[in-house]
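A.B. asks: Below you will find the structure I want to go over with you.
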Amino acid sequence: MRVSVIATVRNERGSIDRLLESLCAQTRQPDEVIIVDGGSSDDTLAQLRAWENSHRLPLRVLIEPGCNISRGRNIAIAAARGPVVASTDAGVCLASSWLAELLRPFDSAMTAQPPPIVACGFFVPETTSVFETTIGATVLPVVGDVDPERFLPSSRSVAFLKSAWKAVGGYPEWLDYCEDLILDFRLRAKGYRFIFVPAAVARFRPRSSVRAFFKQYYRYARGDGKANLWAKRHAVRYLTYLGALPALAWLGLIKNPLWAVPLLLGTAIMFWTPYKRLLPAIGSLGILDRLKAILLVPIIRVTGDLAKMLGYPVGICWRLRHRHEIPNWRE
Numbered sequence: 004m005r006v007s008v009i010a011t012v013r014n015e016r017g018s019i020d021r022l023l024e025s026l027c028a029q030t031r032q033p034d035e036v037i038i039v040d041g042g043s044s045d046d047t048l049a050q051l052r053a054w055e056n057s058h059r060l061p062l063r064v065l066i067e068p069g070c071n072i073s074r075g076r077n078i079a080i081a082a083a084r085g086p087v088v089a090s091t092d093a094g095v096c097l098a099s100s101w102l103a104e105l106l107r108p109f110d111s112a113m114t115a116q117p118p119p120i121v122a123c124g125f126f127v128p129e130t131t132s133v134f135e136t137t138i139g140a141t142v143l144p145v146v147g148d149v150d151p152e153r154f155l156p157s158s159r160s161v162a163f164l165k166s167a168w169k170a171v172g173g174y175p176e177w178l179d180y181c182e183d184l185i186l187d188f189r190l191r192a193k194g195y196r197f198i199f200v201p202a203a204v205a206r207f208r209p210r211s212s213v214r215a216f217f218k219q220y221y222r223y224a225r226g227d228g229k230a231n232l233w234a235k236r237h238a239v240r241y242l243t244y245l246g247a248l249p250a251l252a253w254l255g256l257i258k259n260p261l262w263a264v265p266l267l268l269g270t271a272i273m274f275w276t277p278y279k280r281l282l283p284a285i286g287s288l289g290i291l292d293r294l295k296a297i298l299l300v301p302i303i304r305v306t307g308d309l310a311k312m313l314g315y316p317v318g319i320c321w322r323l324r325h326r327h328e329i330p331n332w333r334e
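If you're matching positions, the sequence shown starts at 4 in my numbering and goes up one per residue.
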């Protein structure tokens, strides 16, 4: 089955070669690779042209200055010649079997069931520092955390039929972040079949500083607000930080120390999963690095939550201002 690998990039001179090298190393080579450059101001486009001229990959480079990632993906998919599209991102290094694993469920000869519409790959952090390792453990799922029936794939590691993409109207070009979730929801709403493929692994670098991590999660939450996603989840976060935690701390300090018990219990629940993931990951580190990682977990968790609490209302305000201009994606 012919497959087109697509990606959208902008100012990725430090990572684009790594992505394309990993595509060259695939055990199942793509029939074509389409990359849309959204108006890079660094050397990204020159690097892409060099790859295009080298013929190491069947690469086509399209230029769409100013486009967001949704628009770039839609342009790439519209240009794709194959019936199956595999999506990934810049900043990613793909396991050599990534494409082969993603395509395996589409081969009806290898399964007694009808082929899926969506093959959901997985993604894992590829870390180079204690901070990055701690971020990975704090905010990213491991395979054991995933419910295959409910998993929503990231577009850094997913394959789907082009016809399905077209049927649901593609990626939402009015949305700059969380756009892949909207596509997932649209595909699920159509009743299309999803298959979780944990062996289709894309490796990526987590953010390397608190500032970069804050900015990333602020944008994610702003996208949630724009798309009206996860309202209950965000409400729980506000209630926890602005209501429950201050109330329990005040009661424990002023009224009765026993009120500290639910506060400590809630804190333990909050950090249980991050530490469960982290401890195996830092077993080979020196004692000082292990201590640093342990201390970083609450800093990262609280930073991410604060970023979301600030970003979400900004997205909601944007949505209210543009409510007559954006479609209701839930319909």
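Just so it is clear, CB atoms sit at the ideal spot from N, CA and C, and this is done for glycine as well. Since we're looking at a predicted model, the values are computed, not measured.
(1) Tell me the rounded alpha-carbon separation between S90 and A263.
(2) Please classify T131: is it buried, with 16 or more other beta-carbons within 10 angstroms of its beta-carbon, or exposed?
(3) Can you pull the DSSP bridge partners for P68?
(4) What do you get for R324, buried or exposed, if any count of 16 or more other CB atoms within 10 angstroms of its CB means buried?
(5) First and last residue of the alpha helix (DSSP H) that includes S166?
(6) Could you name the residues that DSSP lists as bridge partners for P335?
(7) Exposed or buried, A53, counting other C-beta atoms within 10 Å across all chains shown (16 or more means buried)?
(8) Helix, strand or coil for F197? Go by DSSP, reduced to three states.
(9) Under a three-way DSSP split, which group does I138 fall into?
(10) Per DSSP, what kind of secondary structure is V239 in: helix, strand or coil?
(11) Between the beta-carbon of V300 and the beta-carbon of L281, is there less than 8 Å?
(12) Less than 6 Å between C-beta atoms, sequence neighbours within five positions excluded: which residues of the same chain meet that for T141?
(13) Can you list, in chain order, the residues of its chain whose CB lies under 6 Å from that of N71, leaving out five sequence neighbours each side?
C.D. replies: Taking the coordinates as given:
(1) Each residue's Cα considered, the two are about 48 Å apart.
(2) It is exposed - the Cβ of T131 has fewer than 16 other Cβ atoms within 10 Å.
(3) Beta-bridge pairing links P68 to no other residue.
(4) When all chains shown are included, R324 counts as exposed.
(5) Boundaries of the alpha helix (DSSP H) harbouring S166: 165 to 170, taken from the DSSP string.
(6) Given a span of 4 to 334 for the chain in the structure shown, any question on residue 335 remains unanswerable.
(7) That one is exposed.
(8) Strand.
(9) Look at I138 here: in three-state DSSP terms it is helix.
(10) V239 carries a helical assignment under DSSP once its states are collapsed to helix, strand and coil.
(11) Cβ atoms of V300 and L281: closer than 8 Å.
(12) P277, V300, I303, R304.
(13) If we look at N71 and ignore the five residues flanking it on each side, its Cβ neighbours are D179.
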